[in-house]
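For the record, in the sequence shown the residue sitting at position 240 is 240 according to the UniProt record's numbering, with numbers rising by one throughout.
Step one of this worksheet: look at the structure below.
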Amino acid sequence: MSGDVSAVSWAAFSGTLQVLDLDTNALGGSVEDWAAAGLGGLAALRYCGLGANRLSGGLRPFAALPSLLALLLHGNRLSGPLPEELMQHPQLRYLDADNNRLNGTLPAAIFLAQPLGSSSSNSSSNGSSSSSGGGGSSSSSGSTGVNTLLLSGNLLNGSLPDLPSGAVLTGELSYLDLSNNSLSGPLPRYLPRLALSYLDASHNRLAGPVAPLLRGAWSLGVLRLDDNGLSGTLPEVVAAKHLQALDLSSNRLTGTLPDALGGLAYLARLDLAGNAGLGGRLPPGLGSHHGLEGFDVT
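Quick look at the structure:
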């Protein structure tokens, strides 16, 4: 299927269309032109699948869809920043914008709790009173937000956002893929307090220590931070007891392998290769770990 999405008479579907699945076609046109042709009138749309097409423009018009739960836009030609309005959407749970041309910095709203029934975050989320990346308390149950956010293979840059003092962190974000961008700066201090089960920020330009994240992120099952500029030593305590995959290869880690790695009963893959300053003996239990399928510390 080919053609311009803005050429369709979308008004005919206003208020009734709930699922739009047009993945893997040759659809083109700009999202802004589509918005002018009636995109915002699709008030009942819950699932929008337009991955692997030729769409251009930005993401902001999708924030006007009031019922949207899942938005799949991977493999298009979309550009511009990730809109704060979309991350504050009261219904959106799943966003896949992998392999586009999105640029700019990440909005703080990704990591902030959105009150139930609200289409905007609280006034502090604009970051005007920053707390050096460390602010934020854990979310209460009375909030909503994106659960899965896939942004791999874009042109995103800058540091992960600082959060204002007293900000309430989202308790919804579970799966976050920021790999293959140009993100820089340290891992923020609030990161371990998110309920992430999957975090991939590999192939970026992140720097600073990784130990605080490993000491505090109890919920992680997969952590990929390979091919960055992370430094420092590995901690003696790893909070994520159900960690299944840990890839910190091609960084600047130093010191010895902590005994805590040998106590991770669910660990199936461990890659610490390419850290010239990392050495010492294997932790007790790691060499005889029967569940370990991939192991590289060269």
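Glycine included, every Cβ here is placed at the ideal spot set by N, Cα and C.
Bear in mind that the values here come from a model prediction, so they are computed numbers and not experimental data.
Sequence-distant residues of the same chain with beta carbon closer than 8 Å to residue i, five excluded per side
| i | result |
| --- | --- |
| Gly-158 | Gly-104, Thr-105, Leu-106, Leu-183, Ser-184, Gly-185 |
| Leu-277 | Reading off the sequence, residue 277 comes out as Gly, not Leu. Once the five neighbours on either side are set aside, the close Cβ partners of Gly-277 are Arg-252, Leu-253, Thr-254, Gly-255. |
| Ala-43 | Ser-14, Gly-15, Leu-65, Pro-66, Ser-67 |
| Leu-292 | Leu-267, Ala-268, Arg-269, Leu-270, Leu-286 |
| Gln-18 | Ala-44, Leu-45, Arg-46, Tyr-47, Ser-67 |
| Arg-77 | Arg-54, Leu-55, Ser-56, Asn-100, Arg-101 |
Cross-strand partners of residue i (DSSP beta bridge)
| i | result |
| --- | --- |
| Arg-252 | Ser-231 |
| Phe-295 | Leu-270 |
| Leu-220 | DSSP lists no partner for Leu-220. |
| Gln-114 | Thr-144 |
| Arg-101 | Ser-79 |
| Ser-184 | Ser-159, Arg-205 |
Minimum C-alpha distance to residue i - residue among the options
| i | options | result |
| --- | --- | --- |
| Gly-274 | Leu-178, Tyr-47, Gly-229, Ala-195 | Gly-229 |
| Ser-202 | Leu-246, His-89, Ala-35, Phe-111 | Leu-246 |
| Ser-79 | Ala-12, Leu-156, Val-8, Gln-91 | Leu-156 |
| Leu-27 | Gly-3, Ala-195, Arg-77, Leu-17 | Gly-3 |
| Thr-170 | Ala-109, Gly-216, Leu-292 | Ala-109 |
| Leu-73 | Ala-207, Ser-56, Pro-90, Ala-97 | Ala-97 |
| Cys-48 | Pro-90, Ser-56, Leu-20, Ala-113 | Leu-20 |
| Glu-236 | Asp-226, Gln-244, Val-222, Arg-215 | Arg-215 |
| Leu-39 | Ala-70, Phe-62, Ala-217, Asn-154 | Phe-62 |
| Gly-153 | Asp-259, Gly-75, Leu-71, Ser-250 | Gly-75 |
Check whether residue i and residue j have beta carbons under 7 Å apart
| i | j | result |
| --- | --- | --- |
| Ser-179 | Ser-197 | no |
| Asp-177 | Leu-150 | yes |
| Val-297 | Leu-267 | no |
| Leu-220 | Ala-240 | yes |
| Ala-36 | Trp-10 | no |
| Val-146 | Leu-92 | yes |
8 Å contact criterion, which residue i and residue j should meet: CB distance rounded
| i | j | result |
| --- | --- | --- |
| Arg-60 | Pro-83 | 4 Å |
| Asn-53 | Asn-25 | 6 Å |
Own chain partners of residue i with C-beta closer than 6 Å, once the 5 adjacent residues on each side are dropped
| i | result |
| --- | --- |
| Arg-224 | Asp-200, Ser-202, Asp-247 |
| Trp-22 | According to the sequence shown, residue 22 is Leu rather than Trp. Contacts found: Leu-50. |
| Asp-33 | Ser-6 |
| Gly-294 | Arg-269 |
| Leu-257 | Gly-280, Pro-283 |
| Asn-126 | Only weak support is given to the placement of Asn-126: the predicted model assigns it a pLDDT of 38, under 50, and the question is left unresolved by the model. |
| Met-1 | Asn-25 |
Residues near residue i in its chain [Cβ-Cβ closer than 7 Å; skip 5 each side]
| i | result |
| --- | --- |
| Ser-120 | Low local confidence applies: a pLDDT of 44 at Ser-120 is under 50, so the model's placement there is unreliable, with the coordinate-based value given in what follows. So the qualifying residues of the chain are Gln-88. |
| Gly-285 | Gly-262, Gly-263 |
| Arg-205 | Ser-182, Leu-183, Ser-184, Asn-228, Gly-229 |
| Ser-124 | Unreliable positioning characterises Ser-124 in this predicted model, as indicated by a pLDDT of 37, which lies under 50. A coordinate reading is not provided. |
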